[in-house]
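>
2 protein chains.
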Amino acid sequence: MADVIAKNAHLASTVLKTLTDNERSDALVKVERALKLNKDRILEANLVDMETAKKNNLSDSLIKRLDLSKNDKFDSMCQGVLDVAQLEDPLNKITLATKIDDGLNLYRLTCPVGVLLIIFESRPEVIANITALAIKSGNAAILKGGKESFNTFKALSDVINETLTKETKVPENSIQLISTRSDVSDLLSQDKYIDLVIPRGSNALVRNIKDNTKIPVLGHADGICSIYVDEFAQLDKATKILIDSKTNYPAGCNAVEKCLIDETLVKSNLDDKVVPLLKSLIEAGITLHIDPELLKLLPQEISANEKTVAATEDDFSREFLSFDLAVKAVKNVQEAILHINEHSSKHTDCIITENKENADRFLQGIDSSGVYWNCSTRFADGFRYGFGAEVGISTNKIHSRGPVGLEGLVCYYYQMRGDGHIAGDYAGAGGVRVFKHEKIDPNSVVLN
Amino acid sequence: MADVIAKNAHLASTVLKTLTDNERSDALVKVERALKLNKDRILEANLVDMETAKKNNLSDSLIKRLDLSKNDKFDSMCQGVLDVAQLEDPLNKITLATKIDDGLNLYRLTCPVGVLLIIFESRPEVIANITALAIKSGNAAILKGGKESFNTFKALSDVINETLTKETKVPENSIQLISTRSDVSDLLSQDKYIDLVIPRGSNALVRNIKDNTKIPVLGHADGICSIYVDEFAQLDKATKILIDSKTNYPAGCNAVEKCLIDETLVKSNLDDKVVPLLKSLIEAGITLHIDPELLKLLPQEISANEKTVAATEDDFSREFLSFDLAVKAVKNVQEAILHINEHSSKHTDCIITENKENADRFLQGIDSSGVYWNCSTRFADGFRYGFGAEVGISTNKIHSRGPVGLEGLVCYYYQMRGDGHIAGDYAGAGGVRVFKHEKIDPNSVVLN
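These protein sequences, in sequence, are chains A and B. Per the UniProt record's numbering, numbering of the first sequence is gapless, rising by one per residue and ending at 448. Per the UniProt record's numbering, numbering of the second sequence is gapless, rising by one per residue and ending at 448.
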């Protein structure tokens with residue numbers, strides 16, 4: 001079964017990638033119209049999921065997340081599809097062009113990755129967003145959503161597939177919905193046909209998938225973000241940024257989990273900077289897990305505060321996802337870099353300083369997908385970056401890093417166009433001709 | 001042991017990535033000088049390897065490959081290091097710049113991948129080439145070469161490391177040589193510190209590594225390249241290109257293994273095109289493995305030729321690495337695309353045709369890293385592409401594809417520079433400010 005699903009997706013992908021941007025975008029416009037026309041049918045299915053959820057005593061917050069009828073959720077789901085349709089085409093961009101010899105030219109063009117296996121949580125509107133991103137980027141997708149929204153996913157997927165098949169050039173099987181966990185584990189062995197797995201869910205899910213497939217996985221298990229308060233930090237900026245990074249949405253992967261403070265500040269500005277900073281954090285409702293070395297140096301109003309606990313070593317590699325923050329003093333920017341590179345999850349880290357030299361060292365030395373200077377880690381997000389939409393945030397070191405939009409779902413291939421050219425005519429392979437290797441401005445190339 | 005090697009490489013990489021292009025290139029210039037100065041010492045070690053090889057009755061061709069004293073091998077090894085030093089800096093290129101809001105800017109910059117584990121065969125000169133590519137691209141590297149050249153590798157590595165440590169800003173442990181297979185298997189579990197594995201060797205080696213690590217692997221197990229002779233192919237071009245692609249270097253991964261011929265040619269141009277083409281291939285010394293369906297239609301001079309055998313189904317998924325070629329008729333360009341996408345290794349495939357429409361379908365439909373029109377598959381090579389040097393050829397679908405030079409060894413990260421900006425001030429996160437998302441021309445940005 002899994003092999004048929006995967007092979008069908010692969011076959012669909014080889015047609016999908018040959019469609020023009022107009023054909024792909026037009027398909028999304030039609031999907032959006034169909035979703036609106038079938039609103040009643042979809043909301044009926046959603047009601048079934050809601051009732052099952054209530055019967056199973058799921059939490060109120062989860063039930064709220066399942067509800068597609070609340071406020072403008074349905075309409076903004078539809079608008080999201082249109083928004084993606086209107087983004088710039090990520091495909092067939094020429095990113096390199098070289099005249100290899102007279103009549104022999106090399107071009108590098110962007111192309112889809114191929115087949116994506118996307119596993120996501122229970123928010124039903126996500127399926128429309130992912131479908132839009134996949135089709136716009138020319139990738140076939142196999143989708144598995146949280147079981148709590150199964151009926152809604154099924155209704156949405158039916159409408160999407162009926163529309164694609166009847167009204168558009170997008171081939172059948174471009175978007176396939178699967179329903180069971182065992183389907184997922186079978187698909188994870190289909191590395192011949194599936195090119196990229198994108199899990200969007202709990203850390204446990206992501207880890208489990210990474211451990212059980214040879215297919216590249218795009219995503220992040222942890223979001224352990226740090227903020228380093230440098231010797232030359234301005235107190236007001238540090239306070240404001242730390243509070244926002246921690247409290248704006250503590251469950252987000254871009255929330256800060258660790259605060260490193262320069263030792264010089266502790267020695268020379270304890271009362272006028274360090275203590276006021278920590279006090280403000282406590283007042284903002286944050287529980288501070290303070291390294292014992294630093295804790296010793298702090299006055300009672302901090303050290304004996306009910307919001308203060310002594311940090312364990314583990315606290316510095318931990319994603320709290322709550323109003324908790326690990327705090328530690330470090331010798332200087334170099335030690336901050338080493339500490340972060342060793343303990344962070346390569347998501348997003350920030351320096352707060354007015355000193356350009358220290359900022360530059362930090363920006364260059366940190367090994368994460370996002371390195372910030374004087375702004376909140378909460379900006380690490382595809383919408384905030386201006387990507388229009390994101391399929392997730394990657395902490396990988398290859399291919400895509402950080403918030404992944406359309407550009408993160410494409411790769412490239414090389415086209416070579418000749419007129420009977422053979423390698424044996426050239427020096428190094430038996431001949432005497434020499435390669436010209438003249439760079440061509442990719443923007444000047446028209447492949448017609 | 002493996003964890004120490006890997007962690008030291010990681011620590012070195014975080015310093016190496018902060019060096020300027022001048023510092024990295026200058027280090028290579030000094031390495032080149034040191035190699036020349038220590039030529040005698042290196043060739044002495046090489047002699048030990050050569051004598052051991054003779055004592056162990058290794059094949060003449062292998063012994064020839066080990067020999068670093070032959071012709072200008074040593075000098076061109078040195079020249080290769082200088083050539084890489086002079087290539088354009090692949091790092092810190094700004095590839096995206098966006099004004100997120102007043103005083104808040106987002107930049108995407110190229111950066112090294114981090115730590116590379118490179119496993120290669122016995123040609124001793126390769127270590128200089130790989131060292132040059134790693135340092136120029138700001139990556140730390142752990143190297144394991146074939147055991148037959150161990151003494152030469154050791155001498156080269158000692159000279160390289162003495163020079164780097166004493167005379168350059170490249171930190172210690174940037175280039176580490178390891179010597180045993182068990183070291184390799186231990187290192188394959190160090191996914192916390194090693195970012196990319198690049199195996200350059202036999203298919204068995206590559207497969208074995210892919211099966212035994214969670215670290216991304218850049219490389220290719222097979223090079224199964226195909227050439228499709230379209231209905232509108234010119235006979236002379238098809239003949240010339242097929243013979244070059246097969247015979248120029250049959251052991252190369254870019255040699256052709258499969259020839260698909262359009263059925264219309266078989267039906268309408270059997271005597272004036274198909275038979276002469278196959279005859280020329282036979283005359284060039286190629287053994288044809290012809291699909292039984294096609295074989296039935298061919299005259300005795302081909303079908304009963306001693307260089308002709310009936311193909312098995314397996315022959316169409318096989319890398320012969322010899323003067324053998326699988327041949328089959330397909331209905332049209334669409335069937336050729338399907339056959340290649342199903343059976344090729346996504347390396348390099350070619351269409352021979354004078355028909356632009358068919359060429360376009362092929363160029364767009366084939367799912368390989370190289371898709372060619374009217375030229376030999378043997379051009380799939382970093383030097384021939386004009387990359388200066390290559391670390392290998394990738395058949396992956398993500399990150400790097402095809403011949404991988406410096407650009408394939410970098411990724412990117414996002415810098416965000418603000419002045420106390422917090423997410424909570426913006427719509428969607430509790431505030432009212434709206435993002436500007438104004439595109440900035442990356443070429444106009446000076447980050448000073």
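We put the CB at the ideal spot given by N, CA and C, even for glycine. Computed from a prediction, not measured in an experiment: that's the story for all the values here.
1. Where does residue 456(A) land, buried or exposed, given buried means 16+ other C-beta within 10 angstroms?
2. Can you find at least 3 beta carbon pairs, one from the stretch 229-239 of chain B and one from the stretch 353-362 of chain B, that sit closer than 8 Å?
3. Residues of chain C with CB under 8 Å from C375(B), in chain order?
4. Is T395(B) close to chain A? Criterion is C-beta to C-beta, closer than 7 Å.
5. Which partner residues of S394(A) appear in the DSSP bridge assignment?
6. Quick check on residue 472(A): does DSSP put it in helix, strand or coil?
7. If G114(A) and D195(A) are in contact, beta carbons under 8 Å, what's the gap, nearest whole angstrom?
8. Which same chain residues end up closer than 7 Å to A128(B) when comparing Cβ atoms and leaving out the 5 residues on each side of it in sequence?
9. Pick helix, strand or coil for R108(A), following the three-state DSSP scheme.
10. According to DSSP, what are the bridge partners of D349(B)?
11. If you measure from the beta carbon of K93(A) to each beta carbon in chain B, is any gap under 7 Å?
12. Does the beta carbon of Q364(A) sit closer than 7 Å to a beta carbon anywhere in chain B?
13. Whose C-alpha, out of K54(A), T312(A), T180(A) and S322(A), is nearest the C-alpha of residue 457(A)?
14. In the DSSP output, which residue or residues are listed as bridge partners for D101(B)?
15. Look at the alpha carbon of D367(A) and the alpha carbon of N71(B), and state the distance between them as a whole number of angstroms.
16. Could you give the residue range of the alpha helix (DSSP H) that holds E44(B)?
17. State the CB to CB distance for the pair S317(A) and P250(A), rounded to an integer number of angstroms; the pair is presumed to be in contact (CB under 8 Å).
18. Quick check: the stretch 333-349 of chain B against the stretch 274-283 of chain B, are there 3 or more CB pairs under 8 Å?
19. Are the stretch 107-123 of chain A and the stretch 399-413 of chain A in contact at 8 Å, needing three or more beta carbon pairs?
20. Round the Cβ separation of H347(B) and G424(B) to the nearest angstrom and send it over; I've been treating them as touching at under 8 Å.
21. Which residue marks the beginning of the beta strand (DSSP E) containing V417(A), and which one marks its end?
22. Are the CB atoms of S376(A) and G402(A) within a distance shorter than 7 Å?
23. Relative to the alpha-carbon of S179(A), which residue among P171(A), T152(A) and Y193(A) has its alpha-carbon at the smallest distance?
24. Quick check on V4(A): buried or exposed, where buried means 16 or more other Cβ atoms within 10 Å of its Cβ?
25. Would I241(B) pass as an interface residue toward chain A - the criterion being a Cβ-Cβ separation below 7 Å?
26. Counting only runs of 4+ residues fully inside the stretch 256-338 of chain B, write out the alpha helix (DSSP H) ranges in chain order.
27. Taking all protein chains shown into account, do 16 or more other C-beta atoms lie within 10 angstroms of the C-beta of N22(A), making it buried, or fewer, making it exposed?
28. Can I393(A) and I422(B) be called in contact, C-beta distance under 7 Å?
29. Looking at C-alpha atoms only, which residue of K273(B), E438(B) and E125(B) is the closest neighbour of G145(B)?
30. Helix, strand or coil, according to DSSP, for P199(A) in the structure here?
31. Out of G431(B), P299(B), E32(B) and D419(B), which has the shortest C-alpha to C-alpha gap to V159(B)?
32. With distances taken between CB atoms, is the gap from A132(A) to V170(A) smaller than 7 Å?
33. Can you check the stretch 131-213 of chain A for any beta strand (DSSP E) of at least 3 residues that lies completely inside it and give the ranges in chain order?
34. Under 8 Å, with one C-beta from each stretch per pair, do the stretch 56-63 of chain B and the stretch 203-213 of chain B reach the 3-pair mark?
35. Just the chain A side, please: which residues come within less than 8 Å of C253(B) by C-beta, in chain order?
36. What would DSSP say about T95(A), mapped onto helix, strand or coil?
So, to answer that:
1. In the structure as shown, chain A begins at 1 and stops at 448. Residue 456(A) is therefore absent and cannot be evaluated.
2. yes
3. Judged by its chain identifiers, the structure shown contains no chain C, and its protein chains are A and B.
4. no
5. G402(A)
6. A query on residue 472(A) cannot be resolved here, the shown segment of chain A reaching from 1 to 448 and no further.
7. 4 Å
8. L35, M77, G80, V81 and L156
9. strand
10. S226(B) and V371(B)
11. no
12. yes
13. Examination of residue 457(A) is not possible in this model, given that chain A is present from 1 through 448 alone.
14. L104(B)
15. 44 Å
16. K39 to K55
17. S317(A) to P250(A), Cβ: 18 Å. No contact.
18. no
19. yes
20. With a Cβ gap of about 50 Å, H347(B) and G424(B) do not count as contacting.
21. Residue identity differs from the one stated: residue 417(A) is Arg in this sequence, not Val. Segment V410 to H421, the beta strand (DSSP E) holding R417(A).
22. no
23. T152(A)
24. exposed
25. yes
26. 263-268, 275-283, 292-295 and 300-303
27. exposed
28. no
29. E125(B)
30. strand
31. E32(B)
32. no
33. 140-144, 175-178 and 196-199
34. no
35. What C253(B) touches in chain A: nothing, since even the nearest Cβ is about 13 Å away.
36. strand
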